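Enquirer: Sequence order for the protein chains is P and X. Going by our numbering, the first residue of the first sequence is number 9, and it counts up by one from there. Going by our numbering, the first residue of the second sequence is number 9, and it counts up by one from there. We put the CB at the ideal spot given by N, CA and C, even for glycine. Predicted, not measured: the structure shown is a model, and the values here were computed from it. Here's a structure for you.
2 protein chains.
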Amino acid sequence: MTKRVTIKDVAEHAGTSYQTVSRVLNNKADVAAETRARVLASIKALNYRPSMAARLLGQDQDRTFTIANIIPYYDVDFVFGNDHLMQTLHGIDLEATLRGYSLLLSTAHSAGDPASSYARLLERQMVDGIIFESGLGEDGAEELVERGYKVVISGYTTGTIPCVRSDDESGTYVLTQHLLALGHRHIGVIMGPESAMPVHARWRGYERAMRDAALDPRHTPRAQGHYTFEGGYDAAAQLMRSHSYSLTALLAFNDAMAIGAMRWLQEHGYAVPGDMSVAGFDDIPIAQYQTPSLTTIRLQSVEAGRRLAQTLFDILDGRPLSTTRAVIPTELKVRGSTSVPRRIE
Amino acid sequence: MTKRVTIKDVAEHAGTSYQTVSRVLNNKADVAAETRARVLASIKALNYRPSMAARLLGQDQDRTFTIANIIPYYDVDFVFGNDHLMQTLHGIDLEATLRGYSLLLSTAHSAGDPASSYARLLERQMVDGIIFESGLGEDGAEELVERGYKVVISGYTTGTIPCVRSDDESGTYVLTQHLLALGHRHIGVIMGPESAMPVHARWRGYERAMRDAALDPRHTPRAQGHYTFEGGYDAAAQLMRSHSYSLTALLAFNDAMAIGAMRWLQEHGYAVPGDMSVAGFDDIPIAQYQTPSLTTIRLQSVEAGRRLAQTLFDILDGRPLSTTRAVIPTELKVRGSTSVPRRIE
DNA sequence: TTTTTTACCGTGAACGTTCACGTTATTAAA
DNA sequence: TTTAATAACGTGAACGTTCACGGTAAAAAA
């Protein structure tokens, strides 16, 4: 093993003191142009690479200029196929890149698991701040704060940690209103697992819209999918087998399940939207390229990611927060998968 | 600002030397059970968090136990919606987590751009190794090696850097054979942008299959999409407007474009596969939930990610590589979107 | 010419940890 | 009882930087 090339080697090679080399590395004033050039040449010649560890140690504050996005999920397979999560990550990446920060990605099978992937990250103290995805609740987030980390939560929280989330409730409210306005009175709902936080908000939106139309949401046939195509497919099967005569519309709590449901319907001879209307949630890119194109709620996932990162940077830089719980608005996208209900004989 | 809690503060609190605290932190022998407990209590009491910088500096080798996945793309928007990339990332994440490594994600608008997002990452010397996505070529990867980084390339390379990729050529070869076997003689091809490396391999596979069937691939009507639903939609429009009478099948170089193409066809009254067969590439999750479900080539993206990470860790740990260019096999998935061609009047 | 300013660069210490070694009690062996 | 072995812990130095300060020479002002 060859010895490491240090700043002193460079200094000797350039015929100067190592402190001057440090000045060059940090682009400080107080160094002659000619000396600077000489030092830079030596750096190249010796293939010198500064030690991050030593740099950090020497500095007043040891910032790593790295933030982490922690995504605890029971079904990790699901994370990287989840458009909303990935687009949020995209937004975070955009803001981080903008500020010269690096982005660390950390998944965990469970939030509380001490052997989880971010346990080591934490003990190594490698990041300045953390964006914590609370899709499964916020266990673990509080502990991060206790440990001294700056944390922003993506999604729902009952605590005091700042958070950014999409307006799920008004999303399903508007979507349900759309179905009601078309004349639908018997809607089947395909929900996500109860453990996933946004489910409750989305259900509340549906409930409220029903009540506002003087309908009782408690009679609603419901099924659960796992936010996947397959889950929607199975849920549609379940709902249609028991309620095919009354239902005229299916409302899925995400697009993947809506598409899975459409697939089941089409496979079993139901025309969409002729026989059954279908609506989704998220507006993933493929939604408008389905046949028929999918009526859904657009989520501004990228924007959510940006806001998350901005909030975290505000905290890191000590700027006051304009709000501690930001809510990103959603938008109804009416497309081909919903229409007036069929006549029920 | 409060002063940082250091190992010495802990030592004083526990009534021992700071070196003993270090021993406790590193789970070394030579420390009495009682002392260890006392030190641990003090750590909790003072909320002590070790400085990663100092730890690294003190050690022989300064490993950061972090690897990076660098994804240079002109269209960054595309990265996080790209199933193949994200699944590869998933595979990398799995292996990294397994070994207690953290995963850094770095996108860049262009490979060569010195102001790119990973420029800072590099100068800060924060990662032990790098997985470099070469979808747009390998500019930049060589420089990383020069800088002393351990690098593995995801995709194609002409250099000597180890790489892992999927077997694109045999994929399109088998897929084309499938279409030929059904009786198709006039296939339209929807390609990706020439700048994307896998395009060439996929085209070669198609070419070879055609030649093997004594057909001339040079007469093939072609169009380019941007690997997006929209791109496939537009490409299908272009091909069908000029060749609708001869073509009986469309072969798209990824599933997104295939789905976009199906959308165009269905929108314009063509039955799939009755009037036109459509085939894709990648087998993204939604492929089998399309109506009709999509015939395509399954890419083992997660496996590719694992292999990439494994190779990188082999290099980092000094293990000999079993192969320096790994090729992950692909698999034909025959589904509903392809059938025997219609009779051409 | 003398004094003050300025630009450049070197000095010594500090950052918080780990490492190799040495020292002291304690226990086991002779 | 003396000697050797061991367990537990302390000592000093080192890791590669940055920082605050001081010094020197050249340039500008008096």
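Indicate the three-state DSSP secondary structure (helix, strand or coil) for P:E339 in the structure shown.
Expert: Taking the first residue of the first sequence as 1, we reach residue 339 of chain P at position 331. Of the three classes helix, strand and coil, the one that applies to P:E339 here is strand, per DSSP.
Enquirer: For the region 283-318 of chain X, list the beta strand (DSSP E) runs that are entirely contained and at least 3 residues long, ordered along the chain.
Expert: Within the region 283-318 of chain X, the complete beta strand (DSSP E) runs of at least 3 residues are 285-287 and 304-306.
Enquirer: In three-state terms, what does DSSP make of P:A334?
Expert: As a first step, residue 334 of chain P must be located in the first sequence, where it is residue number 326. Looking at P:A334 - three-state DSSP - the assignment turns out to be strand.
Enquirer: Can you name the residues that DSSP bridges to P:S25?
Expert: As a position in the first sequence, residue 25 of chain P is number 17, starting the count at 1. Note: P:S25 sits in no beta bridge, so no partner.
Enquirer: How about X:K341 and X:I305: are their beta carbons less than 8 angstroms apart?
Expert: By one-based count along the second sequence, residue 341 of chain X stands at place 333. By one-based count along the second sequence, residue 305 of chain X stands at place 297. It is a contact, given that the beta carbons lie within the stated cut-off.
Enquirer: Is X:F88 close to chain P, meaning its C-beta is less than 8 angstroms from at least one C-beta of that chain?
Expert: On the second sequence, residue 88 of chain X is found 80 positions in, with the first residue counted as 1. Yes, its Cβ sits closer than 8 angstroms to a Cβ of chain P.
Enquirer: So, is the C-beta of P:S347 closer than 8 angstroms to a C-beta in chain X?
Expert: Locating residue 347 of chain P in the first sequence gives position 339, counting from the first residue. Chain X contact via Cβ: absent.
Enquirer: Does the beta-carbon distance from X:A334 to X:V197 come in below 8 angstroms?
Expert: Position 326 of the second sequence, counting from 1, holds the residue named residue 334 of chain X. Position 189 of the second sequence, counting from 1, holds the residue named residue 197 of chain X. Going by C-beta atoms, X:A334 is not nearer than 8 angstroms to X:V197.
Enquirer: Examine chain X for any beta-carbon lying closer than 8 angstroms to the beta-carbon of P:P293, and answer yes or no.
Expert: In the first sequence, residue 293 of chain P corresponds to position 285, counting from 1. Yes, because at least one Cβ of chain X sits closer than 8 angstroms to the Cβ of P:P293.
Enquirer: X:S162 lies in the beta strand (DSSP E); which residues open and close that run?
Expert: Sequence index remark: in the second sequence, residue 162 of chain X carries index 154 (1-based). First-last of the beta strand (DSSP E) with X:S162: K158 to S162.
Enquirer: Would you list the one or two residues that DSSP bridges to P:E141?
Expert: In the first sequence, residue 141 of chain P corresponds to position 133, counting from 1. DSSP lists P:S162 as partners of P:E141.
Enquirer: In chain order, which continuous runs of the alpha helix (DSSP H) of length 4 or greater are located wholly inside the region 26-101 of chain P?
Expert: Listed in chain order, they are 26-33, 41-54, 60-66 and 84-87.
Enquirer: For X:E215 and X:S178, I'd like the C-alpha separation in whole angstroms.
Expert: Working through the second sequence from its first residue, we reach residue 215 of chain X at position 207. Working through the second sequence from its first residue, we reach residue 178 of chain X at position 170. Distance between the alpha carbons of X:E215 and X:S178: 11 angstroms.
Enquirer: Within this structure, are the beta carbons of P:I169 and P:L112 separated by less than 8 angstroms?
Expert: As a working mapping, residue 169 of chain P is identified with position 161 in the first sequence. As a working mapping, residue 112 of chain P is identified with position 104 in the first sequence. Not a contact, by the Cβ cut-off of 8 angstroms.
Enquirer: I think P:E150 touches P:P80, with their Cβ atoms under 8 angstroms apart; what is that distance to the nearest whole Å?
Expert: The residue you call residue 150 of chain P lines up with position 142 of the first sequence. The residue you call residue 80 of chain P lines up with position 72 of the first sequence. Rounded, the Cβ-Cβ distance is 13 angstroms, inconsistent with contact.
Enquirer: Count the other CB atoms within 10 Å of the CB of P:P300; is the residue buried (16 or more) or exposed (fewer)?
Expert: Along the first sequence, read from residue 1 onward, the residue named residue 300 of chain P stands at position 292. Buried: at least 16 other Cβ atoms inside 10 Å.
Enquirer: In whole angstroms, what is the alpha-carbon distance linking X:D101 and P:S114?
Expert: By 1-based counting over the second sequence, the position of residue 101 of chain X is 93. By 1-based counting over the first sequence, the position of residue 114 of chain P is 106. Roughly 8 angstroms separates the two Cα atoms.
Enquirer: With DSSP as the reference, please indicate the residues paired to X:Q232 in a beta bridge.
Expert: The residue given as residue 232 of chain X occupies position 224 in the second sequence. DSSP lists X:M199 as partners of X:Q232.
Enquirer: Starting from X:R249, trace the beta strand (DSSP E) in both directions and tell me its first and last residue.
Expert: The count along the second sequence starts at 1 and reaches residue 249 of chain X at position 241. Note, X:R249: premise wrong, no beta strand (DSSP E); alpha helix (DSSP H) at F237 to H251.
Enquirer: For X:G156, go through chain P and note every residue whose CB falls closer than 8 angstroms to its CB, in chain order.
Expert: In the second sequence, residue 156 of chain X corresponds to position 148, counting from 1. The answer, in chain order, is N55 and R57.
Enquirer: If P:V29 sits next to P:V18, beta carbons under 8 angstroms apart, how far is it from one beta carbon to the other, in whole angstroms?
Expert: Locating residue 29 of chain P in the first sequence gives position 21, counting from the first residue. Locating residue 18 of chain P in the first sequence gives position 10, counting from the first residue. Rounded, the Cβ-Cβ distance is 5 angstroms, consistent with contact.
Enquirer: From P:Q298 to X:R249, what distance separates their C-alpha atoms?
Expert: Working through the first sequence from its first residue, we reach residue 298 of chain P at position 290. Working through the second sequence from its first residue, we reach residue 249 of chain X at position 241. Their backbone Cα atoms lie some 21 angstroms apart in a straight line.
Enquirer: Between P:M134 and chain X, is the shortest Cβ-Cβ distance under 8 angstroms, so that the two count as touching?
Expert: Looking up residue 134 of chain P in the first sequence gives position 126. Yes, P:M134 counts as interfacial toward chain X.
Enquirer: On the DSSP letters alone, give me the boundaries of the beta strand (DSSP E) that P:R173 sits inside.
Expert: Here residue 173 of chain P refers to the residue found at position 165 of the first sequence. From DSSP, the beta strand (DSSP E) with P:R173 extends over C171 to S174.
Enquirer: Using a Cβ cut-off of 8 angstroms (strictly closer), state whether P:H98 contacts chain X.
Expert: For this step, residue 98 of chain P is matched to residue 90 along the first sequence. Output row for P:H98: interface = yes.
Enquirer: Can you check whether the CB of X:I195 is closer than 8 angstroms to the CB of X:S162?
Expert: Stepping through the second sequence from its first residue, residue 162 of chain X is reached at position 154. Stepping through the second sequence from its first residue, residue 195 of chain X is reached at position 187. Contact flag unset, no.
Enquirer: Quickly, what does DSSP pair P:L258 with across the bridge? List them, please.
Expert: Counting from one through the first sequence, the residue named residue 258 of chain P turns up at place 250. P:G196 and P:V286, per the DSSP bridge assignment.
Enquirer: Touch check for the region 54-65 of chain X and the region 56-65 of chain P: three-plus C-beta pairs under 8 angstroms?
Expert: Touching, yes, given that three or more Cβ pairs across the two stretches are closer than 8 angstroms.
Enquirer: Please list the partners that P:A61 has in chain X, where partner means a Cβ-to-Cβ separation under 7 angstroms.
Expert: For the purposes of this step, residue 61 of chain P is taken as residue 53 along the first sequence, with counting starting at 1. By Cβ distance, chain X contributes A61, L64, L65 and D70.
Enquirer: Taking Cβ-Cβ distances shorter than 7 angstroms, what residues in chain P pair up with X:S250?
Expert: As a working mapping, residue 250 of chain X is identified with position 242 in the second sequence. Residues of chain P passing the Cβ test: none, with the nearest at roughly 22 angstroms.
Enquirer: According to the Cβ coordinates, are X:M284 and X:L258 closer than 8 angstroms?
Expert: Residue 284 of chain X sits at position 276 when you count from the first residue of the second sequence. Residue 258 of chain X sits at position 250 when you count from the first residue of the second sequence. Yes; because the gap between Cβ atoms is below 8 angstroms, this pair is in contact.
Enquirer: Tell me which same chain residues have a C-beta within less than 6 angstroms of the C-beta of X:N262, skipping the five on either side of it?
Expert: Numbered from its first residue, the second sequence carries residue 262 of chain X at position 254. Cβ within range, chain order: Y235, F289 and D290.
Enquirer: So which of X:L187, X:T165, X:D147 and X:A264 has the shortest CA-CA distance to X:G200?
Expert: Residue numbering aside, residue 200 of chain X sits at position 192 when the second sequence is read from its first letter. With distances taken between Cα atoms, X:G200 lies closest to X:A264.
Enquirer: Do P:S345 and P:V286 come within 8 angstroms of each other at the CB atom, strictly closer than that value?
Expert: Locating residue 286 of chain P in the first sequence gives position 278, counting from the first residue. Locating residue 345 of chain P in the first sequence gives position 337, counting from the first residue. In this structure, P:S345 lies closer than 8 angstroms to P:V286 by Cβ.
Enquirer: Let me know the secondary structure DSSP gives P:A149 once reduced to three states.
Expert: Reading the first sequence from its first residue, position 141 is the one you call residue 149 of chain P. P:A149: helix per DSSP, three-state reduction.
Enquirer: If the cut-off is 8 angstroms on Cβ atoms, which residues from the region 262-284 of chain X count as contacting chain P, listed in chain order?
Expert: Taking 8 angstroms as the Cβ-Cβ cut-off against chain P, the residues of the region 262-284 of chain X that qualify are A264, I267, G268, M270, R271, Q274 and E275.
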